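Below is one structure, written out as structure tokens, with a few remarks after it.
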Amino acid sequence: MNQEKVIVIDFGGQYNQLVARRVRECNVYCEIYSYKTDIEQIKAMNPQGIILTGGPNSCYEDNAPTYTKELFELGIPVLGLCYGAQLMMHVLGGKVEKAPVREYGKTRVFVDKASPLFTDVASTTICWMSHFDYISKTAPGFAIVAHSADCPVAAAENREKKLFAIQFHPEVLHTQEGTKILYNYVRGICGCAGSWRMDSFVQNAIQEIRAKVGNGKVLCALSGGVDSSVAAVMLAKAIGDQLTCVFVDHGLLRKNEGDEVEEVFGPNGSYELHFVRVNAQERFYGKLAGVTEPEKKRKIIGEEFIRVFEEEAKKIGAVDFLVQGTIYPDVVESGLGGESAVIKSHHNVGGLPDCVDFKEIIEPLRDLFKDEVRKAGLELGIPEKLVFRQPFPGPGLGIRIIGEVTAEKVRIVQDADAIYREEIAKAGLDRTIGQYFAALTNMRSVGVMGDERTYDYAVALRAVNTIDFMTAESAEIPFAVLQTVMSRIINEVRGVNRVFYDLTSKPPGTIEFE
Ligand code: XMP
Numbered sequence: 300m301n302q303e304k305v306i307v308i309d310f311g312g313q314y315n316q317l318v319a320r321r322v323r324e325c326n327v328y329c330e331i332y333s334y335k336t337d338i339e340q341i342k343a344m345n346p347q348g349i350i351l352t353g354g355p356n357s358c359y360e361d362n363a364p365t366y367t368k369e370l371f372e373l374g375i376p377v378l379g380l381c382y383g384a385q386l387m388m389h390v391l392g393g394k395v396e397k398a399p400v401r402e403y404g405k406t407r408v409f410v411d412k413a414s415p416l417f418t419d420v421a422s423t424t425i426c427w428m429s430h431f432d433y434i435s436k437t438a439p440g441f442a443i444v445a446h447s448a449d450c451p452v453a454a455a456e457n458r459e460k461k462l463f464a465i466q467f468h469p470e471v472l473h474t475q476e477g478t479k480i481l482y483n484y485v486r487g488i489c490g491c492a493g494s495w496r497m498d499s500f501v502q503n504a505i506q507e508i509r510a511k512v513g514n515g516k517v518l519c520a521l522s523g524g525v526d527s528s529v530a531a532v533m534l535a536k537a538i539g540d541q542l543t544c545v546f547v548d549h550g551l552l553r554k555n556e557g558d559e560v561e562e563v564f565g566p567n568g569s570y571e572l573h574f575v576r577v578n579a580q581e582r583f584y585g586k587l588a589g590v591t592e593p594e595k596k597r598k599i600i601g602e603e604f605i606r607v608f609e610e611e612a613k614k615i616g617a618v619d620f621l622v623q624g625t626i627y628p629d630v631v632e633s634g635l636g637g638e639s640a641v642i643k644s645h646h647n648v649g650g651l652p653d654c655v656d657f658k659e660i661i662e663p664l665r666d667l668f669k670d671e672v673r674k675a676g677l678e679l680g681i682p683e684k685l686v687f688r689q690p691f692p693g694p695g696l697g698i699r700i701i702g703e704v705t706a707e708k709v710r711i712v713q714d715a716d717a718i719y720r721e722e723i724a725k726a727g728l729d730r731t732i733g734q735y736f737a738a739l740t741n742m743r744s745v746g747v748m749g750d751e752r753t754y755d756y757a758v759a760l761r762a763v764n765t766i767d768f769m770t771a772e773s774a775e776i777p778f779a780v781l782q783t784v785m786s787r788i789i790n791e792v793r794g795v796n797r798v799f800y801d802l803t804s805k806p807p808g809t810i811e812f813e
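In the numbering used here, the protein residues as written are 300 to 813.
Here it is in structure tokens:
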């Protein structure tokens, strides 16, 4: 894309994706690259600014991630955050040492000197600190602009060389004026005009797709979730009837979902595309029989999916491209987004078999967060009902049924989940809670119903509030609503005699159960 952009260089910190997102919130396009990316590649992109992220290492140790000094001599403004700030000092001749006092959490930072980074920021401001090391001596040419009680260099600048270092994390919402500080950097110091909008993203993506695809045929893996629906509509707008959407009903969908997807994308729906629905329930249940290990289940579902697509592709003939609705958190958590650890093999990425029978995979949403995908969906004119639909993972109920997947368990969790969703909507909470669903624990316990002993399953209800799906807190649902859900599930869903509410946040939990 020929547009102004800021590059984030990733040193393995946990908030790196948030940095990119905050930059995009300043209406400037942003991409993340590993610290292993060659300087020539960075130069070729001609970014307006470069941000160095935090990271878990000590920059003075052997083999710690580093970057060539040349980066600071390009004349492009560089902002170092936490590890990035320390590295900047270390590389340019300052000193970084183990801090006498580890700073962690909300910390009062005092701005001592006027700096373009702190324009309109209060002289005492609350910031999020998380560091063991500290800058004990700034590099030559740098002036200290802020400090905290335990950190003599909370921020420093070499204004002439356009180099800025911040020990705290402006990208985290706990830093009260963090967004303003990043805005000052991106729009003020880097001089970005801020012309990037979601509609530019959508228009650019459509043009890029057209250029890449030419006259080729494209197959879109449609799951019915928000991400693949947005990807499908984007493709439909870009290439119309060169697109075939294949919707695999793997028997792990929410109740009635298969028919709902068909209503929107099928022959009577709103889009001009070819739609194929494959009813592959038995095939998936067969492959999953006896399998209990979560990663194995994910891989089986991912592999089977792609095999079904390949078969459909063969029927269509000469399909060149496969489209997937992969979004940024999928990429990061599958360990493909940079330096972070693998949490789960996401169905859209890590779950793919090594050998895939397509020329290329197109993932138009790969750089976006969920809420950005929704904005793109609205830009594309997709109905709100679909855009604000609950996120649903590719492996579907397969990862919401702990242990072996059977048709009977699928029926139980579908019915329980439908009741839960209905009651959440009735209580007017469906737009306020980030994600909510029912899962089936593998636990059976003794109960009593109508004077009879029961020995049935326990359903777990999950509801989380999250902005970016990378971290989440369990949502506070009024007790009366939970009680209604509980009694309806126990009365209406055969095979359940107990209902739990999951209080776990992410981390340490994840949003899904497996
Ligand atoms: P976790 O469980 O990783 O979920 O905290 C974060 C978000 O990602 C969704 N999720 C998936 N989405 N394929 C997907 O398309 C997957 O394999 C997958 N696993 C989790 C989950 O629903 C939540 O929104």
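Glycine included, each C-beta is placed from N, C-alpha and C at the ideal position. Everything numeric in this text was worked out from a predicted model, so none of it was measured.
query: Straight-line gap, Ser-333 to Thr-367 (C-alpha atoms, nearest Å); result: 13 Å
query: Best match in Ser-447, Ala-537, Cys-381, Asp-750 for proximity to Arg-407 [C-alpha to C-alpha]; result: Ser-447
query: Neighbour-count burial assignment, Glu-571, 16 or more Cβ in a 10 Å radius; result: exposed
query: 8 Å Cβ cutoff met for Lys-596 and Glu-813; result: yes
query: Neighbourhood of Arg-323 by C-beta distance below 8 Å, restricted to the same chain and skipping five residues each side; result: Cys-329, Trp-495, Glu-671
query: Three-pair Cβ contact test at 8 Å for the segment 783-795 versus the segment 745-763; result: yes
query: The beta strand (DSSP E) enclosing Arg-401, as first and last residue numbers; result: 394-410
query: DSSP state of Gln-291 mapped onto helix, strand, coil; result: Since the first residue of the chain shown is 300 and the last is 813, residue 291 is not available in this structure.
query: Any 3 or more C-beta pairs closer than 8 Å across the segment 606-613 and the segment 571-580; result: yes
query: Euclidean distance between Cα positions of Ala-363 and Val-798; result: 48 Å
query: Length of the line joining the Cα atoms of Val-318 and Leu-378; result: 11 Å
query: Cβ contact check for the segment 540-556 and the segment 706-718: 3 or more pairs under 8 Å; result: yes
query: Proximity test, Gly-680 beta-carbon vs the ligand XMP heavy atom, cut-off 7 Å; result: no
query: 8 Å Cβ cutoff met for Arg-665 and Ile-626; result: yes
query: Runs of alpha helix (DSSP H) wholly within the segment 701-778 (minimum 4 residues, chain order); result: 706-725
query: From Val-563, Cys-491, Leu-373, residue whose alpha carbon lies closest to that of Val-525; result: Val-563
query: Buried/exposed call for Glu-683, threshold 16 Cβ in 10 Å; result: exposed
query: Nearest-angstrom Cβ-Cβ length linking Val-452 and Ile-480, presumed shorter than 8 Å; result: That belief does not hold up - the Cβ atoms of Val-452 and Ile-480 are roughly 16 Å apart, past 8 Å.
query: Phe-778 burial status per 10 Å Cβ neighbour count (16 or more: buried); result: exposed
query: For Tyr-484, three-class secondary structure by DSSP; result: helix
query: Cβ shell of Leu-677 (< 7 Å), same chain only, five flanking positions each side left out; result: Val-686
query: Top-ranked residue by Cα proximity to Tyr-424, from Tyr-584, Val-410, Val-512; result: A quick correction: the sequence has Thr, not Tyr, at residue 424. Measuring from the Cα of Thr-424, the nearest candidate turns out to be Val-410.
query: Separation of Ile-306 from Ile-341, as counted between CA atoms; result: 8 Å
query: Residue of Asn-796, Glu-561, Ser-569 minimising C-alpha distance to Gly-746; result: Asn-796
query: Glu-456 burial status per 10 Å Cβ neighbour count (16 or more: buried); result: buried
query: Cut-off 8 Å between Cβ atoms - residues of its own chain near Thr-803, not counting five sequence neighbours on either side; result: Ser-773
query: For Ile-338, the first and last residue of its enclosing alpha helix (DSSP H); result: 338-344
query: Contact test: Gly-693 Cβ vs the ligand XMP heavy atom, cutoff 7 Å; result: yes
query: Spatial distance of His-430 from Glu-476 (CA atoms); result: 19 Å
query: Cβ shell of Gly-353 (< 6 Å), same chain only, five flanking positions each side left out; result: Gly-312, Leu-380, Cys-381, Tyr-382
query: Assumed close pair Lys-516, Asp-619 - CB separation to whole angstroms, cut-off 8 Å; result: 6 Å
query: Assigned exposure category for Ile-308 - 16 Cβ within 10 Å defines buried; result: buried
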